[in-house]
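Here's the structure, in structure tokens; my notes come after.
Residue numbers (the numbering used here): 168 to 360.
Shown next, in the form of structure tokens:
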């Protein structure tokens, strides 16, 4: 339940509304854990019911009341336990790899279109990750713990390394398909000879 824990993590910094949380998700972790507004609100309601959060309703002039969520001791305990525990491996599902698996059924031109699209996606990810350090540093306050910044940036560094690796692999495969080089042994250093 990583959405729960991401919300608990954000609320460990300070109390926030659902709107504030959505904005923070979009500015910080959306590159690896996107969340839409309705997911966030549903999760906040459930987490309040579970005792991890409390809700403060703040009246506002000529606007609906502002709902601000606070982390409870039980919520903090849940977050700290989760942060300190190894997680089971994620199951990765990449639809375009299913396309690639069955690509022998269509022309190389069709396959190249799919792969070139994926390469463009990775180039876009690289560009986004390259801009994150500046954006995060601009948001960081002088009195913030540099460890926080370090750990925040590790997630972007991981995303950048992953995107670069996928792009390099895609470019190699695109080149092989264009050259019609279909020999398996040299396709990957990981395949048995």
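By construction, the Cβ of each residue, glycine as well, lies at the ideal position given by its N, Cα and C atoms.
Are residue i and residue j closer than 7 Å when you measure CB to CB?
{"i": "residue 337", "j": "residue 285", "result": "yes"}
{"i": "residue 236", "j": "residue 246", "result": "no"}
{"i": "residue 275", "j": "residue 344", "result": "yes"}
{"i": "residue 175", "j": "residue 242", "result": "yes"}
{"i": "residue 233", "j": "residue 184", "result": "yes"}
{"i": "residue 189", "j": "residue 206", "result": "no"}
If we count the other Cβ atoms within 10 Å of its Cβ and call it buried at 16 or more, is residue i buried or exposed?
{"i": "residue 360", "result": "With a pLDDT of 46 at residue 360, under the threshold of 50, the predicted position of this residue should be treated as unreliable, and no value is reported."}
{"i": "residue 347", "result": "exposed"}
{"i": "residue 223", "result": "exposed"}
{"i": "residue 296", "result": "buried"}
{"i": "residue 210", "result": "buried"}
{"i": "residue 238", "result": "buried"}
{"i": "residue 195", "result": "buried"}
{"i": "residue 317", "result": "exposed"}
Looking at the strands, I want to know which residues DSSP matches up with residue i.
{"i": "residue 190", "result": "In the DSSP output, where bridge partners are listed per residue, residue 190 has none listed."}
The ligand GTP and residue i: does the residue's C-beta get closer than 6 Å to at least one heavy atom of that ligand?
{"i": "residue 222", "result": "The ligand content of the structure shown is nil, which means the ligand GTP is not present either."}
Start and end of the alpha helix (DSSP H) containing residue i?
{"i": "residue 243", "result": "240-250"}
{"i": "residue 340", "result": "313-345"}
For the beta strand (DSSP E) that contains residue i, what are its first and last residues?
{"i": "residue 258", "result": "No beta strand (DSSP E) contains residue 258, which DSSP labels as neither H nor E."}
If contact is defined by three or more beta carbon pairs under 8 Å, each pair taking one atom from either stretch, is the region 318-336 in contact with the region 288-298?
yes
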